[in-house]
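Below: one structure, written as structure tokens.
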Amino acid sequence: MRLARPFLVLTGSTPRSFSTTSQICLPYRTPRGTSRKSRRAIRLKHSGVQYSLTHAPPSFLQPFQQSNNAESSSILFPKEIVAHLDKLVVGQSDAKRSLAVGVYQHFRRLENNEKALTKWAFAELRLRGPAAEDEERTPPQKKSQRQILKEIQKREDILLEKANIVLMGPSGTGKTYITQKLAEILDVPLVVCDCTTLTQAGYVGDDVDTVIQKLFEAADYDVDRCQRGIVFLDEFDKLYTSADPMHTAGNRDVGGKGVQQALLKLVEGTSLRIKDPLQSKRKVEIDTTNILFIASGAFSNIERVVARRIEKRTLGFGGMSTESIEKLDGDDERISSKVKDELLRQCDQGDMIRFGMIPELVGRFPVIVPFHSLDESHLMNVLSEPRGNLVSQAQRYFQLDDIELTFSKCALQEIAKIAAQRKTGARALKSIVEKTLIEAKYELPGTTTRAVRVTAKTVRGQGYQIVDDTVDDDKLI
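For the sequence shown, counting from 1, position 474 maps to 474 in UniProt numbering; every step adds exactly one.
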């Protein structure tokens, strides 16, 4: 029997030699008919395992020691995440906490599962011992079911399950914005996918697999980063299936229920083969087990579903109390918004199923994060408080032309009041500010004007005011 020549262990991609000859790996016989490149790969694999089992690790490898020091942890704690989000997002304190805890637990889960799987793999190698001299002639013995059961029962570590998140709230409350800022501080690839363009496989539209294709591109074609990324499913509520038999009988819901069913294995965890844009004939296998899915949607009128569930009580022959529903339909916007926010806090998976989502998909999103609506005080803070707010952006545009722009307090209140009436959340603020400043942006560049002030009259469309030293600031309202 001819044996292959002994060689040294490769550490990473750089060969490293050791001082003693006893650290040279044991030889291994390669099968006949294999090429030189394949024989070398087989030798590297088996000799590396033999060396790790029969020799102590080199001195340059330090053993892993878990540290409780906060500075040594590479994962941000929930309080640190919320403290950063407070500088960027106004309000939504409950949503920030729930999101921070969910993301923190997700990365802790990845860390725990990697350690557990590595520990089990090394325990399996120790039980097998050094590889046989001729593994081709002596195949490994098959374990009985009782042996496998005993080994599983001896395992102390457990694998943690994934907890995907659903963001629920009115439009313009910051659901997408918070997720984007989270991805920035966590340094993970994030892709925002519009669920309204997804269809069942075989129909016109984007297949569900294109979601992972976009994430792979956002990860700069790095498989490891892609498998730790975040997929944000926007307009998730538009996938609901209608309960009306007039629309469902005899028709295939390819954009609603069909997409929900296609998302089942993708969200839970499966292996997909997607195209590599760098090499047209090559496909890359992506495992979605460790990808965090965050679904977002307004879920319009789901508060009525919650109200019927909570306030259902028998009056006579199955009557129902409609006190909350009457408040939702009332003329007072403050009361209706307050009641709606309170009902969203009590929303559960059963309400989502009654809304039109299939139970199998709802069960894969155990965390529900409600977002409250924004009133006038919140909208005023959005204008001026966060980093990079709309007021500072407008002032920066005028600074490029050496013009100082200021807003009076009454102007900010008027902008917030108009935005609250439009019922589109913070998205209405930018359009109002742009409409207010359009005349000043057209007239003032290239003139000798060096200061301009926006007042409540400017917001109402009565023109801007040039700031003069002789004008009292109290009159500029």
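For glycine and all other residues, C-beta sits at the position ideal for the given N, C-alpha and C.
Bear in mind the structure is a predicted one, so any value in this text is a computation, not a measurement.
C-alpha gap between residue i and residue j, whole angstroms
| i | j | result |
| --- | --- | --- |
| K409 | L374 | 19 Å |
| P189 | R225 | 7 Å |
| S377 | A440 | 27 Å |
| E323 | I148 | 59 Å |
| F60 | E268 | Any reading at F60 must be qualified, since the residue scores a pLDDT of 41, below 50, and its modelled position is unreliable; the value itself is stated next. Approximately 40 Å, taken between the alpha carbons. |
| I353 | P359 | 6 Å |
| D329 | T173 | 21 Å |
| G463 | Q260 | 51 Å |
| V90 | L266 | 33 Å |
| Q92 | C193 | 23 Å |
| G229 | Q399 | 39 Å |
| P366 | K435 | 42 Å |
| C347 | G297 | 14 Å |
| Q349 | V305 | 12 Å |
| Q393 | L99 | 28 Å |
| residue 514 | T406 | The first residue shown for the chain is 1 and the last is 477, placing residue 514 beyond what the model contains. |
| I75 | N164 | 19 Å |
| G102 | G461 | 45 Å |
| G356 | T197 | 18 Å |
| R273 | H84 | 37 Å |
| Q213 | Q227 | 12 Å |
| A249 | P277 | Because A249 sits at a pLDDT of 45, beneath the cut-off of 50, its placement in the model cannot be relied upon, and the point is left open. |
Coil, strand or helix - residue i by DSSP
| i | result |
| --- | --- |
| R155 | coil |
| F398 | helix |
| K435 | helix |
| Q279 | strand |
| I75 | coil |
| E268 | helix |
| G105 | Before going further, note that residue 105 is Gln rather than Gly in the sequence given. DSSP places Q105 in helix when its eight states are reduced to three. |
| V89 | coil |
| V117 | Per the sequence shown, the amino acid found at residue 117 is Leu instead of Val. The answer is helix: DSSP assigns L117 an H, G or I state. |
| L233 | strand |
| A426 | coil |
| I148 | helix |
| R453 | strand |
| Q465 | strand |
| S285 | The displayed chain sequence assigns Glu, not Ser, to residue 285. It is a strand residue. |
Endpoints, beta strand (DSSP E) assigned at residue i
| i | result |
| --- | --- |
| S271 | S271 to D276 |
| F355 | Run containing F355: none in the beta strand (DSSP E); it sits in the alpha helix (DSSP H), Q349 to F355. |
| A295 | L292 to G297 |
| V459 | Note, V459: premise wrong, no beta strand (DSSP E); alpha helix (DSSP H) at A456 to V459. |
| E404 | E404 to F407 |
Residue i burial status per 10 Å Cβ neighbour count (16 or more: buried)
| i | result |
| --- | --- |
| Y240 | buried |
| R16 | Confidence is the limiting factor: at R16 the pLDDT is only 39, short of 50, which leaves the residue's position unreliable, though a coordinate-based value still follows. Exposed, by the Cβ-count rule. |
| D220 | exposed |
| E414 | buried |
| R146 | exposed |
| residue 479 | Only positions 1 to 477 of the chain appear in the structure, and residue 479 is not among them; the question remains open. |
| T458 | buried |
| R364 | buried |
| L233 | buried |
| A123 | exposed |
| K257 | buried |
| L159 | exposed |
Endpoints, the alpha helix (DSSP H) within which residue i is located
| i | result |
| --- | --- |
| L374 | That residue, L374, is in no alpha helix (DSSP H); it is neither H nor E in DSSP. |
| S337 | E333 to R345 |
| A307 | I302 to I310 |
| K327 | E323 to L328 |
| L361 | P359 to V362 |
Chain C within 8 Å of residue i, Cβ atoms only
| i | result |
| --- | --- |
| S431 | Looking at the structure shown, chain C is missing, and only one protein chain is on hand. |
**Item:** beta strand (DSSP E) segments (min. 3 residues) lying fully within the segment 161-231
**Value:** 165-168 and 190-194
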